[in-house]
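Asks:
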Amino acid sequence: MPKQPWYWWVALGWLGILLLLSLSAPFFPLPYQPGQTDVYAIISPPGASPGHELGTDALGRDVLTELLFGARTLLQVSLPATLLLTVVATLLGTSAGYWGNNRWYLPRATGVAALYGLVICLLYLPLTGQEEKVVLPWGLWLLLMPLLKLLVGKTRWGQVRKPAPLDTWILTLAALLSSVPRLILLVGLAAVLPLSPVSAVLVLGLLFWPGMMRLIRAEMRRIRALPYIEAAQALGLTEPQILVRHAAPALKGLVLSSFLLYLALVIALETTLSFLGIGLPAEHASWGHLLAAARLAPEAWWVVLFPGGCLLLTLLSIRVLAGSQKNKAGSHLK
Amino acid sequence: MARRILYGVLRPLFWLWLLVSVIFLLTRLAAPTPTEQLGHPTTASVASPEKLRAAQWALRHRLGLDLPLFYYSVQPHPRYGSWIPSAQWHGSGNQYHQWLRQLAAGSLGNSYRDGRPVTTVLLDTVPNTLLLTLPAAIGTIGFSLWAGLCLTGRRWWQRWVLGLCVGLDAVPLFLVATTLVLVLANPDALNLFPAYGAPEALFETPGLWTRATHYMYYFFLPISSLLVVTVPGFILQLTAALNREVTMQYTITARAKGLSSEQVLRQHLLRNALLPFITLLTDLLPALLAGAVVVEVIFALPGMGRLLAEAAATRDHPILLGGVLLIAMARLLSYWLADGLYGWADPRLRSTSTPAHA
Numbered sequence: 001m002p003k004q005p006w007y008w009w010v011a012l013g014w015l016g017i018l019l020l021l022s023l024s025a026p027f028f029p030l031p032y033q034p035g036q037t038d039v040y041a042i043i044s045p046p047g048a049s050p051g052h053e054l055g056t057d058a059l060g061r062d063v064l065t066e067l068l069f070g071a072r073t074l075l076q077v078s079l080p081a082t083l084l085l086t087v088v089a090t091l092l093g094t095s096a097g098y099w100g101n102n103r104w105y106l107p108r109a110t111g112v113a114a115l116y117g118l119v120i121c122l123l124y125l126p127l128t129g130q131e132e133k134v135v136l137p138w139g140l141w142l143l144l145m146p147l148l149k150l151l152v153g154k155t156r157w158g159q160v161r162k163p164a165p166l167d168t169w170i171l172t173l174a175a176l177l178s179s180v181p182r183l184i185l186l187v188g189l190a191a192v193l194p195l196s197p198v199s200a201v202l203v204l205g206l207l208f209w210p211g212m213m214r215l216i217r218a219e220m221r222r223i224r225a226l227p228y229i230e231a232a233q234a235l236g237l238t239e240p241q242i243l244v245r246h247a248a249p250a251l252k253g254l255v256l257s258s259f260l261l262y263l264a265l266v267i268a269l270e271t272t273l274s275f276l277g278i279g280l281p282a283e284h285a286s287w288g289h290l291l292a293a294a295r296l297a298p299e300a301w302w303v304v305l306f307p308g309g310c311l312l313l314t315l316l317s318i319r320v321l322a323g324s325q326k327n328k329a330g331s332h333l334k
Numbered sequence: 001m002a003r004r005i006l007y008g009v010l011r012p013l014f015w016l017w018l019l020v021s022v023i024f025l026l027t028r029l030a031a032p033t034p035t036e037q038l039g040h041p042t043t044a045s046v047a048s049p050e051k052l053r054a055a056q057w058a059l060r061h062r063l064g065l066d067l068p069l070f071y072y073s074v075q076p077h078p079r080y081g082s083w084i085p086s087a088q089w090h091g092s093g094n095q096y097h098q099w100l101r102q103l104a105a106g107s108l109g110n111s112y113r114d115g116r117p118v119t120t121v122l123l124d125t126v127p128n129t130l131l132l133t134l135p136a137a138i139g140t141i142g143f144s145l146w147a148g149l150c151l152t153g154r155r156w157w158q159r160w161v162l163g164l165c166v167g168l169d170a171v172p173l174f175l176v177a178t179t180l181v182l183v184l185a186n187p188d189a190l191n192l193f194p195a196y197g198a199p200e201a202l203f204e205t206p207g208l209w210t211r212a213t214h215y216m217y218y219f220f221l222p223i224s225s226l227l228v229v230t231v232p233g234f235i236l237q238l239t240a241a242l243n244r245e246v247t248m249q250y251t252i253t254a255r256a257k258g259l260s261s262e263q264v265l266r267q268h269l270l271r272n273a274l275l276p277f278i279t280l281l282t283d284l285l286p287a288l289l290a291g292a293v294v295v296e297v298i299f300a301l302p303g304m305g306r307l308l309a310e311a312a313a314t315r316d317h318p319i320l321l322g323g324v325l326l327i328a329m330a331r332l333l334s335y336w337l338a339d340g341l342y343g344w345a346d347p348r349l350r351s352t353s354t355p356a357h358a
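Quick mapping for you: the protein sequence lines, in order, are chains A and B. Numbering-wise, the working numbering puts 124 at position 124 of the first sequence, and it's gapless, one number per residue. Numbering-wise, the working numbering puts 191 at position 191 of the second sequence, and it's gapless, one number per residue.
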């Protein structure tokens, strides 16, 4: 491991402290709960009233409590969302990059079965809102897919293998998702389904993979053309072996550094949404909620300084780690 | 060539249609309609159930919500339940078809909140947003070009400015805007600028000078917070590209011919360094529009961004759909603009068959 500059250690230390504090937040002897308002101490400066070490905001919420539980929100929402996003982007990016448009051969029987599954899903999706149980019959109908594939696979027509344009499909989906700016898409979606911690993870994870997918796809295309992959193919290794044992180690650095970059992005997005009042519900602590309260009392510098400083330090620390990771990956390639 | 242009125009339009359709269906499927809001306890207590039901039906009919949602609908089979779903075909008498036909005729429906046509509401707010985003866009491009050109060749300055840019690039917009408000528009700190809003009669004051100073007074903070967020990324990209070009052989040739370093920079390096810059440019307009949401909410400017945020909070779906459509179209426009710019900056790209952003 190369020697890291001093600010790398500061960044790592800050993130470590944040992780420890957010994990142990429920065990601290805090006199107030997140979201709890203390009407006797509104906008009280740090240390002025007992129990409020970092003061209170314009709604009487304890700043220290909100800070600690807001850090927990990062751990509960932003981190899982980024993990989900990374998994989706890596899967789609590597498959689009490795198989491209004409290397993934499938028998027609599989296509027929997939088409059948699509029709079943189109029929059952509108039914989900209604009273009756739909999941069981839906699943049973879908279970017929392998049977269909087997039956069609018996015929000569069904055995013909055709390339599936995987690359085009994935790129089209990505273009569809990125045709509207992220924040606008989220604002639009927030009106349809109110965000809870669980749905926020799903929405953030399933909608924002296109950017990272493009990076990984480009890298995978580059790796696929390298001689050692060709050698592995010539040796007769199976595709899972090539992907896992030979391509994945080369992709690891890029995935890690873009994971960190997207973590910073998702944290910024989550706090922005909470700040605008359309993100997580108000009783769920978030640094964005605290910063929104700062607008109500311009003289309360402590309501801005503490959450704003924490947010800034966290984002900068993640950037620093991502930057050093990228440098490492770059030097490794040379 | 004609085929390429057709491809470049039609494909993004197709995506746009698909996206807006999905959002339309989602909003109509998942969200409570205004008819359910009629059933609130406050209204329910004054009206009898029959009257309430009649009012709900009338409202549904007026908004066209009594039609089936899509071309087909699925019900559970009357005898076998959901084991055999039975699909029904509705033809063109459905909400989606009506909405699409309206859209083709240039109408986006009426706002759920005040019943005004969506197009009017949007047209009222768009100029305010443009007053904010266009100067911000021009400022971003101008400032980052100037800074990039200044920084090449100045090692000492570059180190510090680029470090600052990396730091600023990580800060979310709402934090920048809040800090600016609390430092520069705060009676307890520096009270230089207004914290809230722009007056209605901003452009009715006589005299160009007063109007300009008024505009600066009310829009300085919003525009600078947008600039603080967008400029660092541009400077980083441009200086990286310029630093790469400096090491190229043609630069040495140009210097050896006797050109001044200024001439080499402006006439030889810049054009080659502009390609990645243009790629960033495609994202600038959408990013500014998204940023306008945050900035307009914070500074209480009556623009499209605040309209969208309010529509999201009050579930005013027609407004929301119209806004999303407009912003997606702005993004398309910037794609096409960037395609043209690519051709201008690098003639080799004019004959390629795929658009550069795909």
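In this text, a Cβ means the ideal position worked out from N, Cα and C, and glycines have one as well.
Which residue comes first and which comes last in the alpha helix (DSSP H) that contains Arg-217 (chain A)?
Replies: Where Arg-217 (chain A) is concerned, the enclosing alpha helix (DSSP H) stretches over 210 to 224.
Asks: Consider the Cβ of Val-9 (chain B): report whether some Cβ of chain A lies at a distance smaller than 8 Å.
Replies: Taking Cβ atoms only, chain A never reaches closer than 8 Å to Val-9 (chain B), which makes this a no.
Asks: Closer than 8 Å by beta-carbon distance: list the chain B residues that pair up with Gly-308 (chain A), in chain order.
Replies: Neighbours of Gly-308 (chain A) on chain B, chain order: Leu-175, Thr-178 and Thr-179.
Asks: How would you label Ser-82 (chain B), buried or exposed, when you count the other beta carbons within 10 angstroms and need 16 or more for buried?
Replies: So Ser-82 (chain B) ends up on the buried side.
Asks: Where does Ala-195 (chain B) sit, in a helix, a strand or coil, going by DSSP?
Replies: The answer is coil: DSSP assigns Ala-195 (chain B) none of H, G, I, E or B.
Asks: Taking the straight line between their C-alpha atoms, what separation do you get for Phe-69 (chain A) and Pro-29 (chain A)?
Replies: Straight-line Cα distance between these residues: approximately 13 Å.
Asks: Tell me, please, whether the stretch 247 to 256 of chain B touches the stretch 264 to 284 of chain B by the rule of three or more beta-carbon pairs shorter than 8 Å.
Replies: As far as the Cβ criterion goes, the stretch 247 to 256 of chain B touches the stretch 264 to 284 of chain B, which means the pair count is three or higher.
Asks: List the whole-angstrom C-beta distance separating Leu-289 (chain B) from Pro-210 (chain A), where the pair is believed to meet the contact cut-off of C-beta under 8 Å.
Replies: Leu-289 (chain B) to Pro-210 (chain A), Cβ: 18 Å. No contact.
Asks: Chain A partners of Arg-331 (chain B), CB-CB under 8 Å?
Replies: Residues of chain A passing the Cβ test: Ser-179, Val-180 and Pro-181.
Asks: Roughly how many angstroms separate the alpha carbons of Gly-55 (chain A) and Glu-299 (chain A), rounded to a whole number?
Replies: Computed Cα separation, rounded: 13 Å.
Asks: What are the boundary residues of the alpha helix (DSSP H) that includes Ala-293 (chain A)?
Replies: From DSSP, the alpha helix (DSSP H) with Ala-293 (chain A) extends over 287 to 294.
Asks: Under a Cβ-count criterion, where at least 16 other Cβ atoms within 10 Å of its own Cβ denotes burial, should Ala-191 (chain A) be classed as buried or exposed?
Replies: Ala-191 (chain A) comes out buried.
Asks: Applying the 10 Å Cβ sphere with the 16-neighbour rule, what's the burial state of Glu-296 (chain B)?
Replies: Per the 10 Å Cβ criterion, buried.
Asks: Taking the Cβ atom as the reference point for each residue, do Thr-272 (chain A) and Gly-288 (chain A) lie within a distance shorter than 8 Å?
Replies: Taking 8 Å as the Cβ cut-off, Thr-272 (chain A) and Gly-288 (chain A) qualify as a contacting pair.
Asks: Using a 10 Å radius around the Cβ and a threshold of 16 neighbouring Cβ atoms, would you call Pro-85 (chain B) buried or exposed?
Replies: Looking at its Cβ environment, which holds 16 or more other Cβ atoms inside 10 Å, Pro-85 (chain B) is buried.
Asks: Which of the three DSSP states is assigned to His-40 (chain B) in this structure?
Replies: Here His-40 (chain B) scores only 49 on pLDDT, less than 50, and its place in the model should not be relied on; the value that follows carries that caveat. The answer is coil: DSSP assigns His-40 (chain B) none of H, G, I, E or B.
Asks: Below 7 Å between beta carbons is the criterion; list the residues of the stretch 309 to 328 of chain A that meet it against any residue of chain B, in chain order.
Replies: Taking 7 Å as the Cβ-Cβ cut-off against chain B, the residues of the stretch 309 to 328 of chain A that qualify are Leu-311, Leu-312, Leu-315, Leu-316 and Arg-319.
Asks: Does the separation of the CB atoms of Tyr-96 (chain B) and Phe-70 (chain B) fall below 8 Å?
Replies: Yes; because the gap between Cβ atoms is below 8 Å, this pair is in contact.
Asks: Report the three-state DSSP secondary structure of Ala-87 (chain B) (helix, strand or coil).
Replies: Ala-87 (chain B): strand per DSSP, three-state reduction.
Asks: Would Ala-293 (chain A) and Ala-81 (chain A) qualify as a contact pair, given that the criterion is a beta-carbon distance under 8 Å?
Replies: Not in contact: Ala-293 (chain A) and Ala-81 (chain A) (Cβ atoms no closer than 8 Å).
Asks: Determine, using beta carbons only, whether Leu-221 (chain B) comes closer than 8 Å to chain A.
Replies: Output row for Leu-221 (chain B): interface = no.
Asks: When you compare each of A:His-284, A:Lys-328, A:Trp-302 and A:Ala-297 to Pro-34 (chain A) by their alpha carbons, which one comes out closest?
Replies: When only C-alpha atoms are compared, the closest one is A:His-284.
Asks: Closer than 8 Å, Cβ to Cβ, to anything on chain B: give me those residues from the stretch 33 to 63 of chain A, in chain order.
Replies: Under the 8 Å Cβ criterion, the stretch 33 to 63 of chain A contributes no residue.
Asks: If the criterion is Cβ atoms closer than 8 Å, does the pair Met-304 (chain B) and Gly-291 (chain B) meet it?
Replies: Not in contact: Met-304 (chain B) and Gly-291 (chain B) (Cβ atoms no closer than 8 Å).
Asks: By the criterion of Cβ-Cβ separation under 7 Å, what are the contact partners of Pro-286 (chain B) in chain A?
Replies: Neighbours of Pro-286 (chain B) on chain A, chain order: Pro-181.
Asks: Locate the alpha helix (DSSP H) running through His-77 (chain B), then write down its first and last residues.
Replies: Careful: His-77 (chain B) lies outside any alpha helix (DSSP H), inside the beta strand (DSSP E) at 72 to 77.
Asks: Taking only beta carbons into account, state which residues of the stretch 90 to 105 of chain B come closer than 9 Å to chain A, listed in chain order.
Replies: If the cut-off is 9 Å between Cβ atoms, the stretch 90 to 105 of chain B has nothing near chain A.
Asks: In the DSSP assignment, what residue or residues form a beta bridge with Gly-81 (chain B)?
Replies: According to DSSP, which records beta bridges pairwise, Gly-81 (chain B) is partnered with B:His-77.
Asks: Near His-317 (chain B), which residues of its chain fall below 6 Å by C-beta distance, leaving aside the five closest residues on each side in sequence?
Replies: Here the set comprises Thr-27.
Asks: Suppose contacts are defined by Cβ-Cβ distances below 8 Å. Is Phe-193 (chain B) in contact with Ala-185 (chain B) by that definition?
Replies: For Phe-193 (chain B) and Ala-185 (chain B), yes; Cβs fall inside 8 Å.
Asks: Would you give the residue range spanned by the beta strand (DSSP E) that Leu-30 (chain A) belongs to?
Replies: Unbroken run through Leu-30 (chain A): none, as it is neither H nor E.
Asks: If you drop the 5 nearest sequence neighbours on each side, which residues of the same chain put their C-beta closer than 8 Å to that of Gln-237 (chain B)?
Replies: Once the five neighbours on either side are set aside, the close Cβ partners of Gln-237 (chain B) are Pro-276, Phe-277 and Leu-280.
Asks: So, does the stretch 262 to 271 of chain A touch the stretch 5 to 12 of chain A, judging by three or more C-beta pairs under 8 Å?
Replies: Judged by Cβ distances under 8 Å, the stretch 262 to 271 of chain A makes no contact with the stretch 5 to 12 of chain A, as fewer than three pairs qualify.
Asks: Does Lys-162 (chain A) come out as helix, strand or coil in the three-state DSSP assignment?
Replies: Strand at Lys-162 (chain A).
Asks: Nearest to Ala-287 (chain B) by CA position, among B:Gly-258, B:Ile-327, B:Tyr-72 and B:Leu-122, is which residue?
Replies: With distances taken between Cα atoms, Ala-287 (chain B) lies closest to B:Ile-327.
Asks: Pull up the CB-CB distance for Pro-76 (chain B) and Leu-127 (chain A), whole angstroms please, since I reckon it's below 8 Å.
Replies: 7 Å between Cβ atoms; contact.
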